[in-house]
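The opening position of the first sequence corresponds to residue 547 in my numbering, with each subsequent residue numbered one higher.
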Amino acid sequence: MHEGNSVIAPPAACSRVLDRTELPVDTVQLARFLIGKMLVRELAEGVAGGRIVETEAYPIGDAAGHAYRGITPRNQALFLERGHAYVYVAYGSSFMMNVSSETPGVGAGVLIRSIEPTDGISIMQRNRGTEQVRDLARGPGRLCAALGIDRRLDGIDLCQVGPLWLGSDGQSADEIGQGKRIGIIRAADSPLRFYVRGNCFVSGARALNR
DNA sequence: TTGGCGATTGGCT
DNA sequence: GCCAATCGCCAAT
547 MHEGNSVIAP PAACSRVLDR TELPVDTVQL ARFLIGKMLV RELAEGVAGG RIVETEAYPI
607 GDAAGHAYRG ITPRNQALFL ERGHAYVYVA YGSSFMMNVS SETPGVGAGV LIRSIEPTDG
667 ISIMQRNRGT EQVRDLARGP GRLCAALGID RRLDGIDLCQ VGPLWLGSDG QSADEIGQGK
727 RIGIIRAADS PLRFYVRGNC FVSGARALNR
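And the structure:
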């Protein structure tokens, strides 16, 4: 339905970087705010990235959140001021990327689940080992693989142009849907997942109707 | 020091 | 749709 967005949307590299003061100081609001924004990765081979079409909020006190049991060496980036990257490994082989979302010392974050590729398609195809554009960054593990995101980027500031940053191309987001988060056990019923309605680059179609 | 557990993915039925 | 692979992290021993 919205396949044309990848053609219509300006390249992520033309975005202006988000200023931290623009980010809502609330995890759930930030998850909604980030829909339609750009995620830009700068690599030696060039720029790759796209439009954020799916996020999940893991707010303060959320039993499903990695910050729930307090700060540890793994999750300390979640406790940085909003707008920093938290990258971790899930299931042994998939990296996941979050945006820290609260004030310094408070642990919470927004999981970036999917982007609609706009820049560096060939770079992402190589990183993912597939030609299928729809599958390049649909899902949190695929997204990180496509953009070459790993623990080395844990803790970096996303509100500053660099290896990985958040941008805005000035376009308003399409209609935003909201539903249950995917793949968790605890607090599974909270409607903390946000996505662009009808966008084919959103993951978890199966979970939509649960 | 160790055992269990995932905010997933991809291959196979 | 079902299920195995995979391994860093951390709570409990």
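In this text, a Cβ means the ideal position worked out from N, Cα and C, and glycines have one as well. Note that the structure is predicted; figures quoted are calculated from it, not measured.
For residue 557 and residue 637, the rounded distance between their alpha carbons = Counted from its first residue, the first sequence places residue 637 at position 91. Counted from its first residue, the first sequence places residue 557 at position 11. So the alpha carbons of these two residues sit roughly 32 Å apart.
**Asked** Between the stretch 602 to 622 and the stretch 670 to 682, are three or more C-beta pairs nearer than 8 Å?
**Response** Taking 8 Å as the limit for Cβ pairs, the verdict is that the stretch 670 to 682 does not touch the stretch 602 to 622.
If you count every other CB in all the chains shown that lies within 10 Å of the CB of residue 649, and 16 or more means buried, which is it?
Residue numbering aside, residue 649 sits at position 103 when the first sequence is read from its first letter. Residue 649 should be labelled exposed.
**Message:** According to DSSP, is residue 686 part of a helix, a strand, or is it coil?
**Reply:** Locating residue 686 in the first sequence gives position 140, counting from the first residue. Of the three classes helix, strand and coil, the one that applies to residue 686 here is helix, per DSSP.
| query | For the stretch 659 to 734, which segments carrying the alpha helix (DSSP H) assignment without a break, of at least 4 residues, lie completely within its bounds, in sequence order? | reply | As far as the stretch 659 to 734 is concerned, its whole alpha helix (DSSP H) runs of at least 4 residues are 667 to 674 and 686 to 693.
Check: With C-beta atoms as the reference, is residue 665 less than 7 Å away from residue 561?
Finding: The residue given as residue 665 occupies position 119 in the first sequence. The residue given as residue 561 occupies position 15 in the first sequence. Contact flag unset, no.
Original post:
Taking just the CA atoms, how far does residue 580 sit from residue 703?
Top reply: What you label residue 703 is simply residue 157 of the first sequence in a count that begins at 1. What you label residue 580 is simply residue 34 of the first sequence in a count that begins at 1. Per the coordinates, the alpha-carbon of residue 703 lies some 15 Å from the alpha-carbon of residue 580.
Considering only C-alpha positions, which residue in the set 739, 721 and 748 is nearest to residue 727? Translated into the one-based positions of the first sequence, residue 727 becomes position 181. Of 739, 721 and 748, the residue nearest in Cα terms is 739.
task = On a CA-only basis, which of 694, 685, 708 and 737 is nearest residue 598? Give me that one, please.
result = Here residue 598 refers to the residue found at position 52 when the first sequence is read from its first residue. Comparing Cα-Cα distances from residue 598 to each of 694, 685, 708 and 737, the minimum goes to 685.
Near residue 647, which residues of its chain fall below 6 Å by C-beta distance, leaving aside the five closest residues on each side in sequence?
Reading the first sequence from its first residue, position 101 is the one you call residue 647. Taken in chain order, the residues that qualify are 573, 576, 628, 654, 655 and 656.
Could you check whether the stretch 686 to 703 touches the stretch 581 to 596, counting it as contact only if at least three pairs of C-beta atoms, one from each stretch, sit closer than 8 Å?
With contact defined as three or more Cβ pairs closer than 8 Å, the stretch 686 to 703 and the stretch 581 to 596 are in contact.
field: 7 Å Cβ shell around residue 651 - same chain, five flanking residues per side excluded
entry: Position 105 of the first sequence, counted from the start, is the residue given in the question as residue 651. Contacts found: 625.
| Pick from 689, 645 and 699 that is closest to residue 611, judged by C-alpha positions | Counting from 1 along the first sequence, the entry for residue 611 is found at position 65. When only C-alpha atoms are compared, the closest one is 645.
Exercise for review: Determine, using beta carbons only, whether residue 687 and residue 640 come nearer to each other than 7 Å.
Suggested key: Along the first sequence, read from residue 1 onward, the residue named residue 687 stands at position 141. Along the first sequence, read from residue 1 onward, the residue named residue 640 stands at position 94. Judged by their CB atoms, residue 687 and residue 640 are nearer to each other than the 7 Å cut-off.
- Query: When DSSP labels each residue in this structure, what does residue 569 get in the three-state scheme?
  - Reply: Along the first sequence, one-based indexing puts residue 569 at 23. Residue 569 sits in coil when the DSSP states are folded into three classes, being neither helix nor strand.
**Prompt:** Per DSSP, residue 614 is paired with what?
**Reply:** As a first step, residue 614 is located in the first sequence; it is residue number 68 there, counting from the start. Paired residue(s): none; residue 614 is not in a bridge.
| task | Tell me where the beta strand (DSSP E) around residue 595 begins and ends. | result | The sequence position of residue 595 within the first sequence is 49, counting from 1. Per DSSP, residue 595 belongs to the beta strand (DSSP E) from 592 to 604.
- Task: Go through its chain and collect everything with a Cβ distance to residue 584's Cβ below 8 Å, but skip five positions before and after it.
- Result: For this step, residue 584 is matched to residue 38 along the first sequence. Only residues of its own chain outside the window of five on either side were considered, and among them 558, 561, 595, 596, 597, 598, 664, 712, 713, 714 and 715 have a CB closer than 8 Å to the CB of residue 584, listed in chain order.
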